[in-house]
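Protein chains: 2
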Amino acid sequence: MLVSPNPQKTSVHATSESVDDYLKAILELGGSEEALVTTNALAERLGIRTPSVTGMLQKLSSERPTLVHYEKHRGVRLAPAGKRRAWELVRHHRLLERFLHDVLKYSWDEVHEEAERLEHFISERFEDRVAAILGDPEIDPHGHVIPHKYAQGMFRNEVELARWPLRTPATITSVSDRNAASLREIERLGLKPGVTVTIEDVNSSGSLCVRLPGQMDVVRMNKNLAGSIFVTATP
Amino acid sequence: MLVSPNPQKTSVHATSESVDDYLKAILELGGSEEALVTTNALAERLGIRTPSVTGMLQKLSSERPTLVHYEKHRGVRLAPAGKRRAWELVRHHRLLERFLHDVLKYSWDEVHEEAERLEHFISERFEDRVAAILGDPEIDPHGHVIPHKYAQGMFRNEVELARWPLRTPATITSVSDRNAASLREIERLGLKPGVTVTIEDVNSSGSLCVRLPGQMDVVRMNKNLAGSIFVTATP
DNA sequence: ACACTGAATTAGGTTAGACTAAAATATTAT
DNA sequence: ATAATATTTTAGTCTAACCTAATTCAGTGT
Ligand SMILES: [Mn+2]
Ligand SMILES: [Mn+2]
Ligand SMILES: [Mn+2]
Ligand SMILES: [Mn+2]
């Protein structure tokens, strides 16, 4: 008996974990302007070598219907099918983070790694049920917007705290989830999304003095940490 | 910068999804006596060809520390490390089924497929937190015993309803989770684990007439369905 | 003891996705 | 405009896990 693959399953998830990772990286590196993403940037982000990236982009861009548009020596951007899958993965990731945090009591520095793995493997049903028991949450534990189902997500207008002007109040919109140690440090300093901060001073090596509302003393943080905190103008 | 793999992660989950599937199949086909499992039986169960099985068994049995003991032309059985991983997968699977059913409101014919996929990818933390919010459940939705963490599981003393003697009350201990359509039929007939049944009659083609307590009429089921219901003597 | 048959293994091939080393191309600096 | 440098691609390998076709082996019946 030949086992014929479930066509539903195949159509829902025709992409491998590896292809998924490329698509999500292209989405995130391309940003809101959907800029061409370079081979180098992808290799760096994915932790693999550039020839592997070139090979994958050639393969992906030669398949029909194609997931990406690739221009040799120039870069790659998502085609419609690739963009759909990438945003779906972002939704899976952020819903999973919310779920792991709220239901399974993970701390906010623990959720990313698990979500990064599971986002590839959950079914549509799992996604829908998790969204339902959470009451269709809008925001993940790090302040990132959870895109709606089947919808293209949006990039928030936010900028690294490291590039915010001095003495101008800013509200934290999100923090990068990619480094657990940074997250623990950020939490220790009381810098959750929603908190308003003012940069008092930047010293020569780039480290910041930041004032929080209703706090006596300012907090100090290095450039690196200030690069993983994102803010907008306080309304 | 070379990315060195997280040693914890590696030691916890050094097995691929494919190897996982072999280990679980060897566990289940070997049964409580840990009988040698044949190449054919594995190929059949896993839906792959026999030469692929031979190749995998040769590879697995030549690695140190070995997951399986393989005797050419005779069969394969689990080595200690393989048995540990296989029981861990069984625990993951059954906990996930319980979780999907109780928390995410999956029906009992929907849980198996999702658990079969996710069992390979959840972390120890996920396993522990799910067990905690469920209150360390003992039994999965199909009546299977959930093994304790790090513990070797047990095979229950149960037998297919299809081989139970006539007119002797039997209590359903579990039902096979591998066929969703059968599960829906079993549910329709009111045959949950815990229910006591008596076989009134077996007709020539092997189909059964089964009486349930406190029910007027008997239910009819074919041989196939009676082979996916497991029972023990009613105390 | 020997032929038959079914099960298992060997031999050789494919695909996905990674790697290194070398070559080609693009960008930047003189 | 040309040379130096950085980026990208090509060429050739490797491993995991599957496949088909051909061969070998083990158990059975005469
Ligand atoms: Mn989805
Ligand atoms: Mn996040
Ligand atoms: Mn585990
Ligand atoms: Mn089950």
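If you read the sequences in order, they're chains A and B.
Going by the numbering used here, the residue at position 208 of the first sequence is 214; the numbering climbs one at a time, nothing skipped.
Going by the numbering used here, the residue at position 164 of the second sequence is 170; the numbering climbs one at a time, nothing skipped.
We put the beta carbon where it would ideally sit given N, CA and C, even for glycine.
Residues that E103(B) contacts on chain A, provided the C-beta gap is smaller than 9 angstroms: Under the 9 angstroms cutoff, chain A gives no residues; its nearest Cβ is about 13 angstroms from E103(B).
Cut-off 6 angstroms between Cβ atoms - residues of its own chain near L48(A), not counting five sequence neighbours on either side: Counting only Cβ-Cβ distances below 6 angstroms, and skipping sequence neighbours, we find A31 and V59.
Sub-8 angstroms separation of S68(A) and H75(A) beta-carbons: no
Residue environment, L95(B), which counts as buried when at least 16 other CB atoms sit within 10 Å: buried
Residues that K111(A) contacts on chain B, provided the C-beta gap is smaller than 7 angstroms: R135
Cβ shell of G159(A) (< 8 angstroms), same chain only, five flanking positions each side left out: W93, V96, R97, V151 and P153
Short-range partners of chain B found in the region 138 to 157 of chain A, where Cβ spacing is below 9 angstroms: A138 and I139
Check: R119(A) C-beta below 7 angstroms from any heavy atom of ligand 3: Correcting the residue identity first, residue 119(A) is Glu in this sequence and not Arg. Checking the Cβ of E119(A) against ligand 3 gives no.
Cβ of R123(A) within 8 angstroms of any chain B Cβ: yes
Environment of K89(A) [buried if 16+ CB atoms lie within 10 Å]: buried
Residue closest to E282(A), alpha-carbon to alpha-carbon, out of I178(A), R83(A) and H118(A): Residue coverage of chain A in this structure runs from 7 to 241, which leaves residue 282(A) outside it and unanswerable.
Segment limits, alpha helix (DSSP H) that includes S188(B): A186 to R194
Residue-level contact to chain B via CB, S129(A), 8 angstroms cutoff: Yes, its Cβ sits closer than 8 angstroms to a Cβ of chain B.
Short CB-CB distance (under 8 angstroms) between E120(A) and chain B: Yes, E120(A) counts as interfacial toward chain B.
Alpha carbon of T238(B) to alpha carbon of I178(B), nearest angstrom: 7 angstroms
Cβ of R190(A) within 8 angstroms of any chain B Cβ: Answer no: the Cβ-Cβ gap between R190(A) and chain B never drops below 8 angstroms.
Reduced DSSP secondary structure (H/G/I, E/B, other) of H148(B): coil
Within-8 angstroms CB hit, E116(B) to chain A: yes
Given I192(B) as reference, the closest of F236(B), K111(B) and A176(B) once Cα atoms are compared: F236(B)
F132(A): contacting residues in chain B (beta-carbon distance under 9 angstroms): L106, L110, Y112, E120 and L124
Contacting residues, own chain, Cβ-Cβ under 7 angstroms from N46(A) (five flanking each side not counted): T56
Option nearest R100(A) by Cα separation, candidates A232(A), V165(A) and E125(A): Comparing Cα positions, the closest option is E125(A).
V109(A) (DSSP reduced to helix, strand or coil): In the three-state scheme derived from DSSP, where H, G and I count as helix and E and B as strand, V109(A) is classed as coil.
Other residues of its chain near S24(A): CB distance less than 8 angstroms, five sequence neighbours each side excluded: Excluding five sequence positions before and after S24(A), the CB atoms of its chain that fall closer than 8 angstroms to its own CB belong to M62, given in chain order.
Three-state secondary structure (DSSP) of D27(A): helix
Identity of the residues DSSP links to M227(A) by a beta bridge: L214(A)
Exposure label - I205(B); buried when at least 16 CB within 10 Å: By the Cβ-count criterion, I205(B) is buried, with 16 or more other Cβ atoms from all chains shown falling within 10 Å of its own Cβ.
DSSP three-state assignment for V9(B), whether helix, strand or coil: Because the pLDDT of V9(B) is 34, which lies under 50, any placement of that residue in the model is unreliable, and the number read from its coordinates should be weighed accordingly. It is coil, neither helix nor strand.
Complete runs of the beta strand (DSSP E) confined to the region 48 to 102 of chain B [at least 3 residues]: 74 to 77 and 81 to 84
Length of the line joining the Cα atoms of R135(A) and S234(B): Approximately 29 angstroms, taken between the alpha carbons.
Range of the contiguous alpha helix (DSSP H) that encloses D134(A): E130 to L140
Of the listed residues N185(A), H79(A), Y28(A) and R70(A), nearest to V117(A) (C-alpha basis): Out of N185(A), H79(A), Y28(A) and R70(A), N185(A) has the C-alpha closest to the C-alpha of V117(A).
Selection from E119(A), I139(A), R91(A) and S38(A) that minimises the alpha carbon distance to S22(A): R91(A)
Inter-residue Cα distance where the pair is R194(A) and G196(B): 55 angstroms
Buried versus exposed, by CB contacts within 10 Å (16 or more), S207(A): A small correction: the amino acid at residue 207(A) is Asp; Ser does not occupy that position in the sequence shown. Exposed, since its Cβ has fewer than 16 Cβ neighbours within 10 Å.
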